[in-house]
Amino acid sequence: MEKTTAEKKQRLTELKESYETVKKNPLQLNLKRGVPGKNQLQLSEPMLTVLTPEDLYEETTADFRNYGILTGIPEAKQFFSEVLGTAPEEVIVGGNSSLQLMYMVLASKLFLGQPDRKSAWSQEEQIKFLCPSPGYDRHFNVTEKLGFELIPIPMTDTGPDMDEVERLTASDASIKGIWCVPVYSNPTGTTYSDEVVERLASMKTLAEDFTIMWDNAYVVHHLTETKDEVKNLLDTCKKYGTEKRAWMFCSTSKITFPGAGVAALASSKENIEWFTEILSDQTIGFDKVNQKRHVKFLKNKAHLMKHMEKHAVLLQPKFHKIDTLLSEYFKDDNILEWTVPNGGYFVHLTTQEGCATQIVEALAAIGVSVTEANSSYPYSTNPKDNSIRLAPTSIPVEEVEEAVQMICLCAEMVTLEKELQ
Ligand code: PLP
4 MEKTTAEKKQ RLTELKESYE TVKKNPLQLN LKRGVPGKNQ LQLSEPMLTV
54 LTPEDLYEET TADFRNYGIL TGIPEAKQFF SEVLGTAPEE VIVGGNSSLQ
104 LMYMVLASKL FLGQPDRKSA WSQEEQIKFL CPSPGYDRHF NVTEKLGFEL
154 IPIPMTDTGP DMDEVERLTA SDASIKGIWC VPVYSNPTGT TYSDEVVERL
204 ASMKTLAEDF TIMWDNAYVV HHLTETKDEV KNLLDTCKKY GTEKRAWMFC
254 STSKITFPGA GVAALASSKE NIEWFTEILS DQTIGFDKVN QKRHVKFLKN
304 KAHLMKHMEK HAVLLQPKFH KIDTLLSEYF KDDNILEWTV PNGGYFVHLT
354 TQEGCATQIV EALAAIGVSV TEANSSYPYS TNPKDNSIRL APTSIPVEEV
404 EEAVQMICLC AEMVTLEKEL Q
């Protein structure tokens with residue numbers, strides 16, 4: 004039954020009292036950063052001693068200690084081709100960061116131009132990029148700082164709103180591409196449906212060099228028995244003759260060590276040839292010792308999946324705790340909606356409109372840090388002010404529990420206060 008105004012006022016007074024009590028002894032909890040916990044990093048410590056010197060030059064055509072093999076050692080190409088679902092020759096294995104590869108691809112298209120164009124994007128007066136939102140803030144930063152105008156696209160439960168994407172790409176040649184995190188999207192945990200992949204691959208675009216930045220950062224990062232899979236973008240594009248728009252990325256950042264992993268990209272043969280040429284001016288070769296170390300440790304896709312199960316055992320209780328506590332606390336009202344992802348690194352909270360910023364501020368004042376409200380939107384601008392991202396992976400489950408209790412308190416307090424204004 005709906006509370007009377009007097010009851011609501013009474014409840015708000017109680018909540019404020021509880022809040023002020025916590026404020027006197029602030030907590031120290033951080034749910035800001037989507038990084039693995041220490042116990043996850045430990046899972047890959049054996050990787051540090053798997054290599055022998057001979058691994059680097061015996062049974063190989065080239066010496067991995069030396070310069071060369073720009074696009075990656077054959078076994079690493081084979082490994083990432085299994086992860087991304089392509090042929091090994093459609094893969095480039097890079098350094099430790101997929102984000103950096105993404106930046107390099109876009110910057111190259113911007114300043115140098117693509118094989119099928121007479122000029123680079125930078126020659127055009129206006130360039131725009133589609134940003135499914137909520138999305139990954141670092142993606143948006145890359146395109147913002149490279150000079151693109153960012154266009155938010157609403158996210159649905161099955162991926163970006165494709166009616167909107169198709170409408171825009173068919174009518175505006177200055178729209179050069181779209182950011183996608185197709186599996187366990189950051190931050191909503193959404194996995195794109197087959198229909199969305201088909202539509203992205205087949206849609207008409209006025210820009211002849213339209214680019215799909217397919218960031219498969221969480222492709223093997225399942226948390227439950229339900230293992231989401233996405234339709235293969237490059238294969239689907241080939242069906243429609245649009246394979247040049249498909250640029251797919253992944254890395255071992257959240258498989259082994261984020262600071263010392265291996266990243267890869269996959270694309271059409273023509274794109275790979277073009278990008279290899281561009282890379283050759285920047286480096287004589289990436290870290291092949293680390294590539295070899297990773298392949299010797301992770302072996303192949305089947306073995307990788309076993310390794311990921313160990314991560315899931317450590318992570319799943321944290322996500323389960325969040326869902327259980329929120330379900331219990333908010334069972335009778337509509338103050339908050341939250342995602343229950345099958346994988347990935349985040350839980351996304353949708354607050355009532357106009358409340359997210361204040362909730363995040365209230366949490367900060369009692370020592371609970373979460374990512375800035377609405378930072379998952381281009382320019383951090385969300386007119387609804389209703390988006391909060393939680394990153395629970397790096398802290399122990401007891402701290403997740405404490406933090407969620409405070410989130411419940413602050414969300415109810417701020418929402419009620421606003422309602423009673
Ligand atoms: N892409 C997404 C969607 C991410 O969430 C992250 C890190 O949080 C990255 C890329 C970073 O990847 P890398 O460490 O390979 O640069």
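By the count of our numbering, the sequence shown reaches residue 424 at its end, each step adding exactly one. The beta carbon of each residue, even a glycine, is placed where N, CA and C say it ideally should be.
Can you round the beta-carbon distance between residue i and residue j to whole angstroms, since I take them to be within the 8 Å contact cut?
i      : j      : result
Phe114 : Gly180 : Their Cβ separation, rounded to whole angstroms, is 15 Å, which puts Phe114 and Gly180 out of contact at 8 Å.
His224 : Tyr187 : 6 Å
Met105 : Asp218 : 7 Å
Pro381 : Ser174 : With a Cβ gap of about 20 Å, Pro381 and Ser174 do not count as contacting.
Ala210 : Ile178 : 6 Å
Phe151 : Asn303 : Not quite, the Cβ-Cβ distance comes to about 38 Å (not below 8 Å), so this is no contact.
Leu226 : Leu318 : 6 Å
Val184 : Ala220 : 6 Å
Gly288 : Tyr70  : 6 Å
Cys411 : Tyr332 : 4 Å
Thr396 : Gly37  : 7 Å
Provide the residue span of the beta strand (DSSP E) that contains residue i, from first to last.
i      : result
His351 : Val350 to Thr354
Pro29  : No beta strand (DSSP E) holds Pro29; DSSP gives it neither H nor E.
Val373 : Val371 to Val373
Phe132 : Lys131 to Ser136
Ser254 : Ala249 to Ser254
Residue i lies in the alpha helix (DSSP H); which residues open and close that run?
i      : result
Met409 : Val400 to Leu423
Leu236 : Leu236 to Tyr243
Ser330 : Lys304 to Tyr332
Leu366 : Ala359 to Ala368
Phe300 : Lys291 to Leu301
Leu44  : Lys41 to Gln45
Rounded to the nearest angstrom, what separates residue i and residue j at their Cα positions?
i      : j      : result
Met50  : Leu73  : 23 Å
Leu149 : Trp182 : 14 Å
Glu85  : Gly98  : 18 Å
Lys35  : Glu62  : 45 Å
Ser254 : Ser21  : 44 Å
Leu171 : Gly357 : 28 Å
Ile95  : Lys334 : 48 Å
Asp231 : Glu17  : 43 Å
Tyr60  : Glu280 : 26 Å
Thr239 : Trp124 : 26 Å
Met416 : Ala367 : 14 Å
Pro157 : Lys19  : 35 Å
Gly192 : Ala65  : 41 Å
Glu364 : Glu420 : 14 Å
Ser283 : Met251 : 20 Å
Leu44  : Pro261 : 9 Å
Glu127 : Met409 : 49 Å
Thr418 : Asp326 : 20 Å
Ala269 : Lys80  : 10 Å
Ala305 : Ile338 : 42 Å
Thr7   : Ile391 : 29 Å
Lys41  : Lys257 : 12 Å
Lys299 : Asn189 : 29 Å
Asn428 : Thr229 : As shown, the chain starts at 4 and ends at 424. That puts residue 428 outside it, with no answer to give.
Val373 : Pro386 : 20 Å
Glu48  : Glu57  : 21 Å
Quick one: grab the DSSP three-state call for residue i.
i      : result
Val168 : helix
Asn443 : In the structure as shown, the chain starts at 4 and stops at 424, and residue 443 therefore has no counterpart that could be examined.
Arg392 : strand
Met50  : helix
Glu10  : helix
Ile338 : coil
Phe260 : coil
Ile154 : strand
Thr161 : coil
Lys35  : coil
Ile281 : helix
Leu149 : coil
Ser177 : coil
Ser378 : coil
His225 : strand
Establish whether the CB of residue i and some CB of chain C are separated by less than 7 Å.
i     : result
Glu48 : Considering every chain present, this structure includes no chain C. It has just one protein chain.
Does any heavy atom of the ligand MG sit closer than 6 Å to the C-beta of residue i?
i      : result
Asp218 : Because the ligand MG does not appear in the structure shown, any question about it cannot be addressed here, the ligands present being the ligand PLP.
request  = Please go through the stretch 191-220 and give each complete beta strand (DSSP E) segment of 3 or more residues, from N-terminal end onward.
outcome  = 214-218
query = Where in the stretch 58-115 do unbroken runs of the alpha helix (DSSP H), each at least 4 residues long, occur, reported from the N-terminal end onward?
reply = 77-87 and 101-114
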